[in-house]
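Numbering of the sequence shown is given in this note's numbering, commencing with residue -16 and proceeding in unit increments. Beneath this line is the structure, given in structure tokens, with notes to follow.
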Amino acid sequence: MVPQDLHIHTTWSTGDDAVVPEQTIGLIARLGHAEVVGISDHLELIGEEYFDDYRREVQAAGLRVGMEVNGQRWVDAASALPCDYRIYHCFDRAADYRGLDRLLETGVPVIVAHPNALDTDLARVPPECLIEINNRYVWRCDWRGFYGPFVERFQFVIGSDAHQPNWLNQTVARYVASELRIREKLLFAPS
Ligand SMILES: [Zn+2]
Ligand SMILES: [Zn+2]
């Protein structure tokens, strides 16, 4: 079990082509792949008017309420909606860096989502922000060169960015085996 996973999408992000119908809040809660689990659906896909319903469903499942905010354009809407944390797309534009300052003012943790995928210039990000190492995107970049110079400047969080159950690594298969009371045959002793 990993300690935390705060970047997870569900069917509340319908419209994001990567999300499958099986990716429900209920399934994620049952899988229990992390000690602390948060749901961070795209605010523009949830719809501001449905955010209360979304928050209630996440809370009822015992999970943390997050959202993924698509740049400065959505900062006003995001700031007005109560949640436990926000994940932010910081495009490499002055207005989007200013959006980080405004989100920080709300006092809720701000996580900069997959900066390597959006060309976010980490030198322009306030050090109070948390930086994500994102399982979906991080392997597609020179991560040593991208994150290396900033390891002392920031605190980091690790997220799956799961849109499908199997993006939670082997968790689904292990969950099924456990439900069927199957004990995996281990062929080799750990070295
Ligand atoms: Zn994203
Ligand atoms: Zn995401």
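Beta carbons are placed, not taken as given, at the ideal position from N, Cα and C, and that holds for glycine. As the structure is a computational prediction, the values presented were derived from the model and not from experiment.
Per DSSP, the continuous beta strand (DSSP E) segment holding residue 113 begins and ends at 113 to 117. With 5 Å as the limit, the residues whose C-beta approaches a heavy atom of ligand 2 more closely than that are 51, 144, in chain order. Residue 117 and residue 144 have their C-alpha atoms spaced approximately 7 Å apart. Distance from the C-beta of residue 96 to the nearest heavy atom of ligand 1 is below 7 Å. Contact between the region 24 to 40 and the region -16 to 3 is established, with three or more Cβ pairs separated by less than 8 Å.
By the Cβ rule, the region 84 to 102 counts as touching the region 126 to 144, because three or more pairs are nearer than 8 Å.
When only Cα atoms are considered, residue 33 and residue 15 end up about 26 Å apart. The C-beta of residue 92 has 16 or more other C-beta atoms within 10 Å across all chains shown, which makes the residue buried.
The closest heavy atom of ligand 1 lies less than 7 Å from the beta carbon of residue 72. By the criterion of a C-beta distance shorter than 6 Å, residue 158 is surrounded in its chain by 14, once the five residues flanking it on both sides are discounted.
Assignment of beta strand (DSSP E) within the region -7 to 75, counting only whole runs of 3 or more residues, yields 17 to 22, 69 to 71 in chain order. The residue among 47, 81, 147, 44 with its C-alpha nearest the C-alpha of residue 58 is 81. Contact check for residue 5 against residue 148 passes: the beta carbons are separated by less than 8 Å. Between residue 140 and residue 28, the C-beta spacing is not below 8 Å.
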